[in-house]
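Reviewing the structure listed below.
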Amino acid sequence: MSTSFDSYQPIGLQRHRPRARAQYRIRRETFVRIVLSAIFYISLWRATGMWYGLPADFQEGVGKDPMPMRLLLMSLVPLIGLYCILEPRRIFELIRSASPLVGIICLCVFLSIAFSVSVGASLRALVAVALLTAGPILYRARYGAVDTFESLAKFAIATAFINILYTAAFPRFAVMRGSYAGMVKGAFYHKNMLGQFSATNFILLLPALPMWRLRYYDLLRWAAMLLYLVLIVLAKSSTAIILLSIGIAVFYGMSWIQRFPGRIFRSFVVLLAFALLGFVVSVALMGVAQAIAESFGKDLTLSGRTNVWEQLLPLIFERPLTGWGFALFRQPEIMEQYVRLTWDAQSTHNTYIELALNMGIPATIIWTSFVVVRLVAKMTSSPLNHALAITKRKEVVIILLILIGAFTEAGMMLAPFILWPHTVIALTSLGPEFLSRFRKPTQAGAQHASG
Numbered sequence: 007m008s009t010s011f012d013s014y015q016p017i018g019l020q021r022h023r024p025r026a027r028a029q030y031r032i033r034r035e036t037f038v039r040i041v042l043s044a045i046f047y048i049s050l051w052r053a054t055g056m057w058y059g060l061p062a063d064f065q066e067g068v069g070k071d072p073m074p075m076r077l078l079l080m081s082l083v084p085l086i087g088l089y090c091i092l093e094p095r096r097i098f099e100l101i102r103s104a105s106p107l108v109g110i111i112c113l114c115v116f117l118s119i120a121f122s123v124s125v126g127a128s129l130r131a132l133v134a135v136a137l138l139t140a141g142p143i144l145y146r147a148r149y150g151a152v153d154t155f156e157s158l159a160k161f162a163i164a165t166a167f168i169n170i171l172y173t174a175a176f177p178r179f180a181v182m183r184g185s186y187a188g189m190v191k192g193a194f195y196h197k198n199m200l201g202q203f204s205a206t207n208f209i210l211l212l213p214a215l216p217m218w219r220l221r222y223y224d225l226l227r228w229a230a231m232l233l234y235l236v237l238i239v240l241a242k243s244s245t246a247i248i249l250l251s252i253g254i255a256v257f258y259g260m261s262w263i264q265r266f267p268g269r270i271f272r273s274f275v276v277l278l279a280f281a282l283l284g285f286v287v288s289v290a291l292m293g294v295a296q297a298i299a300e301s302f303g304k305d306l307t308l309s310g311r312t313n314v315w316e317q318l319l320p321l322i323f324e325r326p327l328t329g330w331g332f333a334l335f336r337q338p339e340i341m342e343q344y345v346r347l348t349w350d351a352q353s354t355h356n357t358y359i360e361l362a363l364n365m366g367i368p369a370t371i372i373w374t375s376f377v378v379v380r381l382v383a384k385m386t387s388s389p390l391n392h393a394l395a396i397t398k399r400k401e402v403v404i405i406l407l408i409l410i411g412a413f414t415e416a417g418m419m420l421a422p423f424i425l426w427p428h429t430v431i432a433l434t435s436l437g438p439e440f441l442s443r444f445r446k447p448t449q450a451g452a453q454h455a456s457g
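This is the structure we're talking about:
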C-alpha cells in the first residue's frame, strides 16, 4: 500500500485557515458597514440641505444649491456603485422583492420624463431622487428596521444641537428677514423646513424601550427632544405644532391598536380611529390650531395658498395623463410662468397638486394608493418583538405626518427634500423571508431585522 504525502499539510496550517477566513469576514463586514454608513448619513445630510451661510431672506437663495451640497449628492454615485460590487446578490434580491406598484410608479415617472417640456430638468431631478432613495433602502435592507431607526435617532440628536449652536453663533444667517422677519430657520433654507424636521424628529426620538437605568445617551436624547421643542417655537411654525400633536397622539394610540387580536379586527379599529381622528381634527383641534396660528401672527384660512391652487388646477387638466414633466413644478422659474400673484409663489404649497402637475393624475393616484396601503399594513401589524413594535409605530407616524403635511406644503413626496429619506425608510417593508436569505451581520441584526 502506497502513501502519498503530496496532500499533507501541517496541523497549524489547517487551524490557521478557518481563523484567516473569519478575520477576512470581519474585515469585509466592517468595510461594508463603513460604506453603508457613509451612504446613509450623506443621504440624510444632503436631503436636509443644511449648510453655513444660507441667506436669511429665502427669496435670495431659492432654487440654488450650494456647491458642497452638489458634491455631497454626486459623492453617493461611487459609494453606491462600490456597495453594489461588494454585495450584488443582495441588490438583486432587493430589486426582485419590490412591490409591483413600485414598478408601475417607476414606469409613470419615466413616461412623465419622456413627455416633459424640459427633459433635462426632469432627468436631473430623477437622479437626485434616485440617489437619496437608494441609500436609505440599502441601509434598511442590510441592518433592519430597528438598527436603521437608531441610526436616524443619532442623526436627529446631532442635528438638534447643530441647529441650536448655529442659531446662537450665526443669527444673521439663522434668523429670517423679509416677510418672515424674526422667525428662526437654523441651518435650513426656510423656517417651515426646520419646523417639519423638528416635529418629525421629536417623534423619532421617543424612547423605544423602558429605561430601567439612565445612560448618557438617554440624557442626550431627552436634551435633543427639548431642543426640538425650542426650535419649533423659535420657528413660529403652527404647522409643526399641529403635526407634533397628531404624531404624539398616533404614536401612543398605536400601542392600543396593536393589543387587539386578529388583523381583520385591527383593520376595523384602524378605520374607526381614522374617522375619530378626522372628527377631532375638524371640530376640536382646528380651534386650538387657530389659536396657535394667531399667537404667531398668522391664520389658517390658507387664503394665499388657495389663490395659487386656483391657478394651478386648470393646468392639471391640460395634461392629465403624463403631466408637464417630473419635478418641473418644483422649479421656481416654472412657477413664475404660470402663477400671477402680488407675492412671489415659489412652490405649489400642495404636494398632491404638485405630483398631478408633474406626473399626471393616474400616477398621483397610484403613488398615493401605494403609500396608504403601506400605512394601513403597518398599522394593522402586530410584531411580537417590543423594539420592532415601537419602530412600527414610528414608521406609521412618519407616513401619516407626510400625508397630512402634503396638503399644505410642496415637495413632501418624490422630492429630494428634508424628510424624503425618513419617508423611504418608513415605507420600506422587508419581511423575514427576505432577510433570511442572507447571513445576519450581527446578533442584534438577527433579532430586529424583520419588518
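Here the sequence shown is numbered in our numbering, starting from 7 and rising by one per residue. Think of the CB as a built atom: it goes at the ideal place given N, C-alpha and C, for glycine as much as any other residue.
Element boundaries [alpha helix (DSSP H), containing residue i]
i	result
His-428	426-433
Leu-60	No alpha helix (DSSP H) contains Leu-60, which DSSP labels as neither H nor E.
Ala-174	125-175
Glu-339	338-344
Trp-228	222-241
Thr-357	357-365
Ser-204	197-210
Met-419	Where Met-419 is concerned, there is no enclosing alpha helix (DSSP H), given that its DSSP letter is neither H nor E.
Leu-394	392-411
Phe-257	244-263
Pro-84	73-92
Phe-116	106-120
According to DSSP, residues forming a beta bridge with residue i
i	result
Val-190	Val-181
Exposed unless 16 or more other CB atoms sit within 10 angstroms - verdict on residue i
i	result
His-196	buried
Ser-185	exposed
Glu-415	buried
Glu-93	buried
Ala-5	Because residue 5 is not part of the residues shown, which for the chain are 7 to 457, the question remains open.
Thr-36	exposed
Arg-227	buried
Arg-25	exposed
Gly-59	exposed
Ala-290	Bear in mind that a pLDDT of 49 at Ala-290, under 50, signals an unreliable position, so the number given afterwards is only what the model happens to contain. Under this definition Ala-290 is an exposed residue.
Val-378	exposed
Phe-423	buried
Gly-55	buried
Phe-194	buried
Phe-335	buried
Ala-140	buried
Thr-429	buried
Cys-112	exposed
Ser-309	Note on Ser-309: pLDDT 49, under 50, position unreliable in the model; no value is reported.
Any non-hydrogen atom of the ligand SAH within 7 Å of residue i CB
i	result
Arg-96	As for the ligand SAH, it is missing from this structure, which has no ligand bound.
Residue from the options with nearest C-alpha to residue i
i	options	result
Ile-248	Val-236, Leu-233, Gly-201	Gly-201
Leu-420	Val-382, Thr-386, Ala-393, Ala-333	Ala-333
Met-418	Leu-361, Lys-398, Ile-396, Ile-371	Leu-361
Ile-170	Lys-160, Leu-220, Ile-238	Ile-238
Val-402	Pro-389, Ala-28, Leu-327, Val-382	Val-382
Ile-359	Ile-168, Ser-243, Trp-330	Trp-330
Ala-120	Asn-391, Leu-327, Leu-318, Val-83	Leu-327
Ala-5	Ala-205, Gly-150, Ile-91	Beyond the ends of the chain as shown, which are 7 and 457, falls residue 5; an answer cannot be given.
Asp-63	Tyr-145, Pro-74, Leu-158, Gly-188	Gly-188
Leu-158	Cys-114, Phe-203, Val-123	Phe-203
Ser-4	Val-430, Leu-363, Met-75, Asn-391	Residue 4 is absent from the model: the chain starts at 7 and stops at 457.
Ser-514	Gln-337, Phe-257, Asn-391	Past the boundaries of the shown model lies residue 514; the chain is included only from 7 to 457, so the question cannot be answered.
Met-182	Ala-241, Leu-220, Leu-235, Ile-168	Ala-241
Asn-391	Val-190, Met-80, Val-152	Val-152
Pro-427	Ala-246, Arg-27, Arg-146	Arg-146
Ala-355	Leu-425, Val-115, Leu-318	The question names Ala, but residue 355 in the sequence shown is His. Minimum Cα distance to His-355 is reached at Leu-318.
Met-385	Gly-87, Leu-117, Ser-261	Ser-261
Ile-404	Ser-388, Pro-389, Leu-425	Leu-425
Phe-257	Lys-400, Trp-51, Leu-77, Ala-104	Lys-400
Pro-84	Ser-375, Pro-320, Ile-48, Ile-340	Ile-48
Ser-118	Tyr-344, Arg-325, Leu-78, Leu-144	Arg-325
Ile-2	Asp-71, Trp-57, Pro-320	The requested residue 2 does not occur in the structure, where the chain is confined to residues 7 to 457.
Leu-107	Trp-373, Ile-431, Ala-432, Leu-436	Trp-373
Counting Cβ pairs closer than 8 Å, one from the segment 408-415 and one from the segment 130-138, do we hit at least three?
no
Within 8 Å, do at least three Cβ pairs link the segment 30-46 to the segment 176-191?
no
Are the segment 203-210 and the segment 235-255 touching by the rule of at least three beta carbon pairs closer than 8 Å?
yes
Indicate whether the contact test is met: 3 or more Cβ pairs, each with one atom in the segment 384-397 and one in the segment 364-376, closer than 8 Å.
no
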